[in-house]
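Colleague: What follows is a single structure, and I will ask about it in a moment.
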Amino acid sequence: NAGVTQTPKFQVLKTGQSMTLQCAQDMNHEYMSWYRQDPGMGLRLIHYSVGAGITDQGEVPNGYNVSRSTTEDFPLRLLSAAPSQTSVYFCASSTGIGNTIYFGEGSWLTVV
Amino acid sequence: AQKITQTQPGMFVQEKEAVTLDCTYDTSDQSYGLFWYKQPSSGEMIFLIYQGSYDEQNATEGRYSLNFQKARKSANLVISASQLGDSAMYFCAMRGQGGSEKLVFGKGMKLTVNP
Numbered sequence: 013n014a015g016v017t018q019t020p021k022f023q024v025l026k027t028g029q030s031m032t033l034q035c036a037q038d039m040n041h042e043y044m045s046w047y048r049q050d051p052g053m054g055l056r057l058i059h060y061s062v063g064a065g066i067t068d069q070g071e072v073p074n075g076y077n078v079s080r081s082t083t084e085d086f087p088l089r090l091l092s093a094a095p096s097q098t099s100v101y102f103c104a105s106s107t108g109i110g111n112t113i114y115f116g117e118g119s120w121l122t123v124v
Numbered sequence: 085a086q087k088i089t090q091t092q093p094g095m096f097v098q099e100k101e102a103v104t105l106d107c108t109y110d111t112s113d114q115s116y117g118l119f120w121y122k123q124p125s126s127g128e129m130i131f132l133i134y135q136g137s138y139d140e141q142n143a144t145e146g147r148y149s150l151n152f153q154k155a156r157k158s159a160n161l162v163i164s165a166s167q168l169g170d171s172a173m174y175f176c177a178m179r180g181q182g183g184s185e186k187l188v189f190g191k192g193m194k195l196t197v198n199p
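This is how it looks when you write it as structure tokens:
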């Protein structure tokens, strides 16, 4: 049982480059989310999805793009990376009820 | 808007002692859920305990208990018999009526357990 799988775990980008953080879950969860964690801060919601084809913005969506073509996958795209996007990114999935929220192991992104 | 406040930047406790980590919240939702997560130095988010706003009993999970005081809007985590492996960052988070795809986190606090 893989749970929530994020790739890559570590990435260094140059300013202006684009990249996609991958997130996949094998639990058939409808709800998926992306968070970022900056030093001294808790996690902040970037984008979320309540099902395939449905996405919405969270607290800090600028500079990020998402799509949800399948239940299993929820990729996060950085269109033109900026140093302010240096952060740790977490993907999460859930059934939408109770306390069953599963987090991936995190992706450490550095933009130079 | 929902808000979680964790005012303790760091705490030190002796091994085997009990410790309380503070969390206050603000929401206008009638139905909500409160979570505590542990984040060790390796970085993963580990779920500890959950309390629903309509749960009459305080949640307990092994050595963890949640002291839920709804009128005071507080949801403090109590760790009994601290262990060295409890040294980590701890985050309080809230899910509103919008669902568990949208959590609001506090800034966290660092717990250090000394031998």
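These protein sequences, in sequence, are chains A and B.
In this text, residue positions in the first sequence follow this note's numbering: the first is 13, and each later residue adds one.
In this text, residue positions in the second sequence follow this note's numbering: the first is 85, and each later residue adds one.
Backbone N, C-alpha and C fix where the C-beta goes; we use that ideal spot for every residue, glycine too.
1) Could you please give me the residues that DSSP links to B:Lys87 through a beta bridge?
2) By DSSP, does B:Ser126 sit in helix, in strand, or in coil?
3) Any residues in the segment 39-67 of chain A with a beta carbon nearer than 9 Å to a beta carbon of chain B? Which ones, in chain order?
4) Measure how close the beta-carbons of B:Ala172 and B:Leu195 come, nearest whole angstrom, since I'm counting them as under 8 Å.
5) Just mark A:Leu124 as buried or exposed, buried being the case when its beta carbon has 16 or more other beta carbons within 10 Å.
6) Return the Cβ separation of A:His41 and A:Ser105 in integer angstroms, given the expectation that the two are a contact with Cβ distance under 8 Å.
7) In the segment 83-115 of chain A, which residues sit with their C-beta less than 9 Å from some C-beta in chain B, listed in chain order?
8) Check the Cβ-Cβ distances between B:Phe175 and every residue of chain A, and say whether any is below 9 Å.
9) Taking 8 Å as the threshold, find out whether the segment 85-95 of chain B comes into contact with the segment 114-122 of chain A through three or more Cβ pairs.
10) How far does the beta strand (DSSP E) with A:Ser99 in it extend, from its first residue to its last?
11) Using C-beta distances below 7 Å, list every residue in its chain close to B:Ala159, excluding the 5 sequence neighbours before and after it, in chain order.
Modeller: Taking the structure as given:
1) Locating residue 87 of chain B in the second sequence gives position 3, where the first residue counts as 1. Paired residues: B:Asp110.
2) Counting from one through the second sequence, the residue named residue 126 of chain B turns up at place 42. In the structure shown, B:Ser126 sits in coil (DSSP, three-state: anything other than H, G, I, E or B).
3) Glu42, Tyr43, Met44, Ser45, Tyr47, Gln49, Gly52, Met53, Gly54, Leu55, Arg56, Leu57, Tyr60, Ser61 and Val62
4) As a position in the second sequence, residue 172 of chain B is number 88, starting the count at 1. As a position in the second sequence, residue 195 of chain B is number 111, starting the count at 1. Indeed, because the Cβ distance is near 6 Å, the residues count as touching under 8 Å.
5) Here residue 124 of chain A is taken as the residue at index 112 of the first sequence, counted from 1. It should be noted that the sequence gives Val, not Leu, for residue 124 of chain A. Burial call: exposed.
6) Translated into the one-based positions of the first sequence, residue 41 of chain A becomes position 29. Translated into the one-based positions of the first sequence, residue 105 of chain A becomes position 93. About 4 Å separates the two Cβ atoms, so the contact holds.
7) Val100, Phe102, Ala104, Ser105, Ser106, Thr107, Gly108, Ile109, Gly110, Asn111, Thr112, Ile113, Tyr114 and Phe115
8) Taking the second sequence and counting its residues from 1, the one referred to as residue 175 of chain B is at position 91. B:Phe175 counts as touching chain A.
9) no
10) For the purposes of this step, residue 99 of chain A is identified with residue 87 of the first sequence, where counting begins at 1. Ser99 to Ser106 is the span of the beta strand (DSSP E), which, as asked, contains A:Ser99.
11) The residue you call residue 159 of chain B lines up with position 75 of the second sequence. Closer than 7 Å at the Cβ level, and outside the excluded window around B:Ala159, lie Cys107, Tyr109, Leu118, Gln135, Leu150, Phe152 and Cys176.
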